[in-house]
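Chemist: Just dropping this structure here.
Number of protein chains: 2
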Amino acid sequence: MAASISDMEKLQKRMLVLSLHLRSSELQAEPFLGTNTCMSSAESELVDEVLSTNEPGNALYKMVAGKHRSVYEPIFYFFRHHPELVNPVEMLKDDHRELTMRQLKAIVHDIGFKPLTLLTEDPAKYFALTEAVGHIDLSLGIKLGVQYSLWGGSVINLGTQKHRDKYFDKIQNLEYPGCFAMTELHHGSNVQGLQTTATFDRDTDEFVINTPNEGATKWWIGNAAVHGKFATVFARLILPSSSSGNADMGVHAFIVPLRSMQTHAPLPGVEIRDCGYKVGLNGVDNGALRFHNVRIPRDNLLNKFGDVSREGVYSSPLPTPNKRFAATLGELVGGRVGLAAGSVGVLKAAATIAIRYSLLRQQFGPPNKPETVILDYQSQQGRLIPMLASSYAFHFATEYLVDRYVEMKRTRDDEVIADVHALSAGLKSYVTAYTAKSLSICREACGGHGYAAVNRFGSLRNDHDIFQTFEGDNTVLLQQVAADLLKQFKKKFEGGALTVTWKYLRDSMGTYLSQTNPVVTHRDGEGHLRDPNFQLDAFRYRTARLLQTAALRLRKLTKQHGSFEAWNYCLNHLLTLAESHIETVILEKFIEAVHRCEDKTGKSHLKLLCDLYALDRIWNDIGTYRNQDYVAPNKAKAIHRLVEQLCHEVRLVATELVDAFKIPDYILRAPIGLKSKQYSEYSQIIGF
Amino acid sequence: MAASISDMEKLQKRMLVLSLHLRSSELQAEPFLGTNTCMSSAESELVDEVLSTNEPGNALYKMVAGKHRSVYEPIFYFFRHHPELVNPVEMLKDDHRELTMRQLKAIVHDIGFKPLTLLTEDPAKYFALTEAVGHIDLSLGIKLGVQYSLWGGSVINLGTQKHRDKYFDKIQNLEYPGCFAMTELHHGSNVQGLQTTATFDRDTDEFVINTPNEGATKWWIGNAAVHGKFATVFARLILPSSSSGNADMGVHAFIVPLRSMQTHAPLPGVEIRDCGYKVGLNGVDNGALRFHNVRIPRDNLLNKFGDVSREGVYSSPLPTPNKRFAATLGELVGGRVGLAAGSVGVLKAAATIAIRYSLLRQQFGPPNKPETVILDYQSQQGRLIPMLASSYAFHFATEYLVDRYVEMKRTRDDEVIADVHALSAGLKSYVTAYTAKSLSICREACGGHGYAAVNRFGSLRNDHDIFQTFEGDNTVLLQQVAADLLKQFKKKFEGGALTVTWKYLRDSMGTYLSQTNPVVTHRDGEGHLRDPNFQLDAFRYRTARLLQTAALRLRKLTKQHGSFEAWNYCLNHLLTLAESHIETVILEKFIEAVHRCEDKTGKSHLKLLCDLYALDRIWNDIGTYRNQDYVAPNKAKAIHRLVEQLCHEVRLVATELVDAFKIPDYILRAPIGLKSKQYSEYSQIIGF
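Chains A and B, in that order, give the protein sequences. Numbering-wise, UniProt numbering puts 246 at position 246 of the first sequence, and it's gapless, one number per residue. Numbering-wise, UniProt numbering puts 93 at position 93 of the second sequence, and it's gapless, one number per residue.
Below, the structure is given as structure tokens:
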């Protein structure tokens, strides 16, 4: 009665072929696949690679990359057939910038994606798009993010219908390339300290934009050095006051044209400089801007959270400057979601390359026997296997974040907004910091061959590096997470509601801050250590304890030194608290993912990875657990042994686990990271 | 009676001026300083920068960089006046390679250094030279190392007088640029697994060099892609045996001409390919080599440890292949010493840039007050201040290593040889790994401006990265340290002699492995924690304990699984042991340096740094200390608090501490790391 698996596969395969056709005709005038003849053979390879259920990792693939195949596949397919648009290993900044722009145009004009529509209507797909183009080149991912998340997103989210009408389509189709001019030479993290001014001139009904001093130079502005026509400029809104002097209404956002639509020359009063060569992301043209009495119409104020009338009277739906500022920045939270997801993509790619090479490379061995594959060395496992576990862990956590973001956009619920704000800050910081370290570890783990540019670790590390800084410096964002936790802590005692993500804290506080149970602290059997209840308990205990002690210390120190100094005295403590909380959320989401996996082998693989993630983190912070006697010495040793054992067990299925990420060889590109023939490909590349 | 300080200064200053003259006339035909007029003004600036005793950090300067002023100053001076030879921020690989060669020629021909003479007669000065040129560009440091330490060093140390006579001068003056062709595509760390062959042909009295398969391709050979005329090729020596078949005598070194002295074309049978663009060090031209029946005279065998007679009979002063192999590699230990010293130089430069910027940059602050300098944030101190302490710690440790190396070269004493071997392996690994991580931390700590290529963290990180891999992969070298410790452990029980560096182990074993004293484990006063005896005790206790448990585990596991598997089961344990030992040696040398500092302020600064180094390391591994109850919970907390307090205290003198490294602004080059006017310099660089 039921169709056989093979029949279903055939059907599914045919549907994918059709969907590729449909997608191409739906999204663009000309199909991106060229002639139909060309399509069918190439496509069948593609589809084979994706659908073959014989591969043991397929169940996992369906849980990870499979969800957004409709985004990934057309992009991978397009670049496979346009090698001239794939980045060469070495290129000068200027060439890189032009290539990136051509790639971005291809995404929009040739493949037919409508990124601004996705951003506003289907954010989950938009984030998948960012991750997918990041596999081509991270500069492309960031260029896309600058154009759509930042420039487009600021116009749409901070502006009103008049802005949408005027700009949406032209931003979408790249007729209006634009910038997001927030950061200044002297101010990055402290956005409230920005010094650029926008003074309302009642006589002409205009704002006059000025850079009052060197420190107010807009700096690091993506798209500014070469391609940008417009910028959303963040500036202090100055209103002529009735009394003498002007009123500073705080930071607002304004659309400022930068270059002539005809000649592309900078407009009068706009000084543009090239920020020059960077550590990475040299496909993005960052520039510096100074404004000298640049006049823009009053309509160019992005007026969702604050407006100025023809008479120069200020109005806002929000009561205080702080609330307006928070609402303005709150609209930009999508950028962080995208960075967290993109960073997980980088981690998957790097782990794939490093693990495949470590399964190929042999070095040393027992006397008179073949040399040993280096992934069989305990030290190599210790470097790479917890990283593999983390890449799965982070995948499920960022997937959850994306879901919450979509929910936030749908419901506009205050509680969800607060939750997404803290969660995106925390995950962005934690994941990007972890990936950055991992990229160095991968390079080292692959020795000399990891140092060849063609094997990608260098460019991935250099490009990804700044993920830790932009869209909110990690150290600053983690403090926001800590501040949010402290707010939740206060609420608990006041009996208020807790948002979903932090709910565990209430329970934890009651349970875990009492005496530890000496029987439990000594239990060291594998069954107990691999019990998700023990693992969650350990993570939550630590977070709850750090939270309670932080609150007490802060209360005491604030009395003595004031709140700013008190915060600074506790800063390391607060950062640890924030990380501990994020690790807890990640573990929760991982445990849920294990639970919902229906495939037996897939589930057992995920369970291995999840246990490794949990126990490795506990072991990394064993000092804290020992200090509280939450874990007795025998248990600490057992955890350490089990981490090494789990690394060994995961290593046995490592090939399947990286294959399940399904990053095709032609996209991964690193010869040492290919599925086969690595050495000969590597030799050929240098001309043998 | 005695000359006043001011008189002495004037005298000293005059002497430096003279010494610069003398040096230039002594070392070269034409003085490098151009006309005398030009000299006197420029020189006085230079001398001022170096000698002004008003600077509080001067006593420290004398203890660190001051020792090798005669090497540093001519180099810094030369490049200051030859900006056309200083690396631009962005350049293509091919241009970079040519610039590096021109820089190297300038060091030899214009400034007049004789690196091969220094390497053989005054190694301490040679290592200072490597560190100094590394401040110009790390590619230059490595190119110099390839030419002199590796190519020159292999000819001189593995060859005999006939080789010295023929090659010394032409290597020195760069007439014979050469390579060190050891690594193959399939074999890096496992040198005994190399597969290139050198078969003796009795008929022609030649060796025939062959690459028997793809995996035996020589890979990553510095100087090979563009400049090299010769290579020291490591190949299996094959002798026609009296019986059927040939005898494989193991890996030996041979001088093989690569390119025509006239046309520079590759010689017949020599295939050369370019390894291409790398993560860093693109000023060094790494190539791949294949040999097809390349014939070289018998004299080209570097025959210090093994020779072949006209009749094809093998002879050696050393009894076994293993001893010959060890002696061959042992001669190459100088490279590691150089890398350790060079890596400390990189750490000093990076710490200087990051700390100066963190003292300039302000962000956020208490309400209605000026913004706070970011080095005043506890989190920023936690990132950068222990790094500053480590750069001092590593300086004294590598200085000790250089002294031991010099002693080894002088005495040829077996015990010193073994000591230098393990110490260089350990320090090279530990220091380069620490510096690599620190470079990422510095970039992050400097936020967006840390991402501008001009601020140097990107190139420093990319160039330095491979220090962890070449001249012995860190993971492999640390295992050699662990193996050496285990040998010492065995000796202890057999009552043999212990080399100087490891002597503490014998005492530690007896004292520390008995019960810990509960009174001591609870002592948490600052006086006690800052007592070097407590600190040393803690470091030694940990090493001794790790050593004893490793020995016991290995003994047990070897019985069950054989020695190879047993070693692998304990691998993480053994790596931790090696690191713990190296940290102990570093602490000892730091404590000695504090002790011998005669200047009162200097001594108190060093003491602060030394305590911070010690306590920060203990805190980082607090889990181990708690697990053994070596440290009680109250003491653990006190250590943590004291680390934060010491960070704060060091921060107050941080300017003096980085100034004492005396890397001149024009050498450091990063605008954000200058002594003053950082922002305006930075603005000017991009064209404002």
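The C-beta atom is built at its ideal place from N, Cα and C for all residues, glycine as well. These figures come from a predicted structure and were not determined experimentally.
Enumerate in chain order the residues of its own chain whose CB-to-CB distance from residue 48/A is below 6 Å, with the five nearest sequence positions on each side excluded.
Modeler: With a pLDDT of 46 at residue 48/A, under the threshold of 50, the modelled position of that residue is not reliable, and the figure given next carries that caveat. Correct list: empty, nothing qualifies.
Chemist: In chain A, which residues lie less than 7 Å from residue 133/B when you measure between Cβ atoms?
Modeler: Within chain A, no residue comes near residue 133/B; the closest Cβ sits about 21 Å away, beyond 7 Å.
Chemist: Is residue 275/A close to chain B, meaning its C-beta is less than 8 Å from at least one C-beta of that chain?
Modeler: Yes - at least one Cβ of chain B is within 8 Å of the one on residue 275/A.
Chemist: Pop quiz: residue 287/A and residue 221/A are said to be a contact at Cβ under 8 Å. What is the actual Cβ separation, rounded to whole angstroms?
Modeler: Yes, they are in contact, since the Cβ atoms of residue 287/A and residue 221/A sit about 5 Å apart, within 8 Å.
Chemist: Taking residue 368/B as the query, report the chain A residues whose CB atoms sit under 7 Å from its CB, ordered along the chain.
Modeler: In chain order: nothing, as chain A lies at least about 11 Å away.
Chemist: If distances are taken between C-alpha atoms only, which option among 665/B, 644/B, 80/B and 656/B comes closest to residue 376/B?
Modeler: Among 665/B, 644/B, 80/B and 656/B, the Cα nearest to that of residue 376/B is on 644/B.
Chemist: Where does residue 684/A land, buried or exposed, given buried means 16+ other C-beta within 10 angstroms?
Modeler: Its Cβ having fewer than 16 others within 10 Å, residue 684/A is exposed.
Chemist: How about residue 422/A and residue 480/A: do their beta carbons lie closer than 8 Å?
Modeler: Yes, the pair counts as a contact, with Cβ atoms nearer than the cut-off.
Chemist: Quick check on DSSP: helix, strand or coil for residue 210/A?
Modeler: Three-state result, residue 210/A: strand.
Chemist: Which value, in whole angstroms, describes the spacing of the CA atoms of residue 456/A and residue 603/B?
Modeler: Each residue's alpha carbon lies about 46 Å from the other.
Chemist: How many angstroms separate the CA atom of residue 590/A from the CA atom of residue 59/A?
Modeler: Using only the alpha carbons, I get a separation of about 16 Å.
Chemist: Can you tell me the Cβ-Cβ gap for residue 71/B and residue 125/B, rounded? I've got them flagged as a contact below 8 Å.
Modeler: Yes, residue 71/B and residue 125/B are in contact; Cβ-Cβ is about 6 Å, under 8 Å.
Chemist: Going by the CB atoms, is the gap between residue 452/A and residue 427/A shorter than 8 Å?
Modeler: No; because the gap between Cβ atoms is not below 8 Å, this pair is not in contact.
Chemist: Give a yes or no on whether the C-beta atoms belonging to residue 625/A and residue 378/B are separated by under 8 Å.
Modeler: Not in contact: residue 625/A and residue 378/B (Cβ atoms no closer than 8 Å).
Chemist: Please classify residue 313/B as buried or exposed, where buried requires at least 16 neighbouring CB atoms within 10 angstroms.
Modeler: Answer is exposed; the Cβ neighbour count stays below 16.
Chemist: Sorted by chain position, which residues of the same chain lie with C-beta nearer than 6 Å to residue 198/A's C-beta, five sequence neighbours on each side aside?
Modeler: The residues are 207, 209, 235, 237 and 254.
Chemist: If you draw a straight line from the C-alpha of residue 600/A to the C-alpha of residue 429/A, how long is it?
Modeler: The alpha-carbon atoms of residue 600/A and residue 429/A are separated by roughly 34 Å.
Chemist: For residue 686/A and chain B, any beta-carbon pair shorter than 8 Å?
Modeler: So yes, residue 686/A belongs to the interface.
Chemist: Within the 8 Å Cβ cut-off, does residue 472/B reach chain E?
Modeler: Protein chains in the displayed structure are A and B, and chain E is not among them.
Chemist: By how many angstroms is the C-alpha of residue 326/B removed from the C-alpha of residue 654/B?
Modeler: Approximately 44 Å between the Cα atoms of the pair.
Chemist: Relative to the alpha-carbon of residue 189/B, which residue among 295/A, 610/A, 362/A and 563/A has its alpha-carbon at the smallest distance?
Modeler: Closest option to residue 189/B, Cα to Cα, is 362/A.
Chemist: So, using beta-carbon positions, are residue 78/A and residue 110/A closer together than 8 Å?
Modeler: Going by C-beta atoms, residue 78/A is nearer than 8 Å to residue 110/A.
Chemist: To the nearest whole angstrom, what separates the beta carbons of residue 130/B and residue 145/B, a pair I think is in contact under 8 Å?
Modeler: With a Cβ gap of about 6 Å, residue 130/B and residue 145/B count as contacting.
Chemist: Can you tell which of 587/A, 582/A and 172/A has the C-alpha that lies nearest to the C-alpha of residue 534/A?
Modeler: Looking at the Cα atoms, 587/A is the closest of the given residues.
Chemist: Quick one: Cα of residue 176/B to Cα of residue 271/B, how far?
Modeler: Using only the alpha carbons, I get a separation of about 19 Å.
Chemist: Take residue 412/A as the anchor and find which of 676/A, 157/A, 62/A and 681/A has the nearest alpha-carbon.
Modeler: Checked all of 676/A, 157/A, 62/A and 681/A; the closest Cα to residue 412/A is 157/A.
Chemist: Who are the neighbours of residue 626/A on chain B, taking C-beta pairs under 7 Å?
Modeler: Here the neighbours are 623, 626 and 627.
Chemist: Determine the contact status of residue 273/B and residue 686/A, defining contact as a CB-CB distance below 8 Å.
Modeler: Yes. Within cutoff.
Chemist: Who are the neighbours of residue 185/A on chain B, taking C-beta pairs under 8 Å?
Modeler: Neighbours of residue 185/A on chain B, chain order: 679, 682 and 683.
Chemist: Please classify residue 265/B as buried or exposed, where buried requires at least 16 neighbouring CB atoms within 10 angstroms.
Modeler: Looking at its Cβ environment, which holds fewer than 16 other Cβ atoms inside 10 Å, residue 265/B is exposed.
Chemist: Would you say residue 467/B lies against chain A (beta-carbon separation less than 8 Å)?
Modeler: No - not a single Cβ of chain A is within 8 Å of the one on residue 467/B.
Chemist: Three or more beta-carbon pairs under 8 Å between the segment 655-664 of chain A and the segment 348-358 of chain A, yes or no?
Modeler: As far as the Cβ criterion goes, the segment 655-664 of chain A touches the segment 348-358 of chain A, which means the pair count is three or higher.
Chemist: Quick check on DSSP: helix, strand or coil for residue 597/B?
Modeler: Residue 597/B: coil per DSSP, three-state reduction.
Chemist: So the candidates are 154/A, 86/A and 678/A; which of them puts its Cα closest to the Cα of residue 719/A?
Modeler: It is not possible to answer for residue 719/A, since the shown part of chain A is limited to 1 through 688.
Chemist: If you measure from the beta carbon of residue 357/A to each beta carbon in chain B, is any gap under 8 Å?
Modeler: So no, residue 357/A is outside the interface.
Chemist: Residues bridged to residue 362/B by DSSP?
Modeler: Answer is 373/B, bridged to residue 362/B.
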